[in-house]
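Chemist:
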Amino acid sequence: MASVESLRERIYKLGVKIARTRLKANTVSRVRLLLLIGALLTLYLAFEYSQDWYVEEFATYDWARDLGF
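Quick note on our numbering: the sequence shown kicks off at 3 and runs consecutively.
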C-alpha cells in the first residue's frame, strides 16, 4: 500500500498537470464569441437562402388556402 506522502505527491503532481492544461479565461471568451457569431451567421444565411419549404408545406392544408396562402 502506498504511503500517505507518496499519495499526496501523486495528487499534487496530477493537480499541477491539470492546472497547466487549463485554458485561460480570455481564450474561452473568444471561443464562445466566435461560436455565437458563427451560429448567428448560420441562422441568417439559412433564412436568407433557403427555399420556403415551410410555406409550401403550410399551403397544402385546405384551411390555409382559404386564408390566402
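Ideal Cβ placement from N, Cα and C applies to all residues, glycine included.
#1: Which residues in the same chain have their Cβ closer than 7 angstroms to the Cβ of I107, if we skip the five residues on either side of it in sequence?
#2: With DSSP run on the structure shown, which of helix, strand or coil describes K26?
#3: Just verifying my parser: in three-state terms, what is the DSSP assignment at L69?
Modeler: On the basis of the data shown:
#1: Within the shown structure, residues of the chain are numbered from 3 to 71, placing residue 107 beyond reach of any answer.
#2: When DSSP states are grouped into helix, strand and coil, K26 belongs to the coil group.
#3: The three-state reading of DSSP puts L69 in coil, since its state is none of H, G, I, E or B.
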